[in-house]
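Chemist: Below: one structure in structure tokens.
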Amino acid sequence: MKGASSLATELDSTLKFYIKNSRHMEGLENKQQAAEMEKEEKKEADISLKELSRRLQDFADERDWEQYHSPRNLLLAMVGEVGELSEIFMWRGEVPKGLPNWEEADKEHLGEELSDVLLYLIRLSDMCGIDLGDAATKKIVKNAVKYPAKNN
Ligand SMILES: Nc1ccn([C@H]2C[C@H](O)[C@@H](COP(=O)(O)OP(=O)(O)OP(=O)(O)O)O2)c(=O)n1
Numbered sequence: 001m002k003g004a005s006s007l008a009t010e011l012d013s014t015l016k017f018y019i020k021n022s023r024h025m026e027g028l029e030n031k032q033q034a035a036e037m038e039k040e041e042k043k044e045a046d047i048s049l050k051e052l053s054r055r056l057q058d059f060a061d062e063r064d065w066e067q068y069h070s071p072r073n074l075l076l077a078m079v080g081e082v083g084e085l086s087e088i089f090m091w092r093g094e095v096p097k098g099l100p101n102w103e104e105a106d107k108e109h110l111g112e113e114l115s116d117v118l119l120y121l122i123r124l125s126d127m128c129g130i131d132l133g134d135a136a137t138k139k140i141v142k143n144a145v146k147y148p149a150k151n152n
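Going by the UniProt record's numbering, the sequence shown opens with residue 1, and the numbers climb by one from there.
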């Protein structure tokens, strides 16, 4: 029969094994979660104007905010956000492409302000009955006709 102290030692090493193993499993789960989140982010990067527009409609419906989303209000809100976007660049002088010397927090802030402008623009288009994707596609064609490339 085992003594109390050898039983305690056995229990201790069994516990250590389980703790180590569960940490390992946790690590695996975290890795899996991170991979899934990365996949999700990739999907979000390809999101369409139509899907953004649908989400903005849901957002407004859930808060009963459509009443405030008149074309004029949305235009003013968008211009306000353009102001906030401009503030990020204010007094910095010229900024190289890709913003290589910027802090991550500043880049994140920039992404948020760019998004505010985009979201208000999409919502404004919707409230004016303009299909922005279609209008922008047609405008690119019109621009190409107006400004033909030298090689064409
Ligand atoms: N009536 C409203 C108010 C806000 N929004 C949404 C669209 C924008 O993406 C964002 C703007 O939110 P804020 O007015 O809080 O502006 P900021 O996010 O820029 O915050 P702050 O001005 O404090 O920096 O919220 C909206 O759809 N309709």
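Quick reminder that beta carbons are idealized off the backbone N, C-alpha and C, glycines included.
Just so it is clear, the structure is predicted and the values come from calculations on it, not from any experiment.
#1: What distance in whole Å lies between the Cβ atoms of residue 123 and residue 75, which are believed to be in contact at a cut-off of 8 Å?
#2: Mapping DSSP to helix, strand and coil, what is residue 98?
#3: Determine whether the beta carbon atoms of residue 133 and residue 49 lie at a separation below 8 Å.
#4: Whole angstroms is fine: what's the gap from residue 119's alpha carbon to residue 87's?
#5: So, residue 107 versus residue 114, is the Cβ gap smaller than 8 Å?
#6: Can you give me the Cβ contacts of residue 71 inside the same chain, cut-off strictly under 7 Å, excluding the 5 residues immediately before and after it?
#7: For a test of your reading of the model: does the CB of residue 102 fall under 7 Å from any non-hydrogen atom of ligand 1? Yes or no.
#8: What's the C-alpha gap between residue 138 and residue 31?
#9: Answer with buried or exposed for residue 78, where buried requires no fewer than 16 other C-beta atoms within 10 angstroms of its C-beta.
#10: Straight-line CA distance for residue 130 to residue 51?
#11: Taking the alpha-carbon positions, what's the residue 117 to residue 53 distance?
#12: Can you check the segment 50-105 for any alpha helix (DSSP H) of at least 4 residues that lies completely inside it and give the ranges in chain order?
#13: Use the C-beta contact count for residue 81: other C-beta atoms within 10 angstroms, 16 or more gives buried, fewer gives exposed.
Modeler: Short version:
#1: Not a contact, Cβ separation roughly 10 Å.
#2: coil
#3: yes
#4: 19 Å
#5: no
#6: 124, 127, 128
#7: no
#8: 44 Å
#9: buried
#10: 15 Å
#11: 13 Å
#12: 71-89
#13: buried
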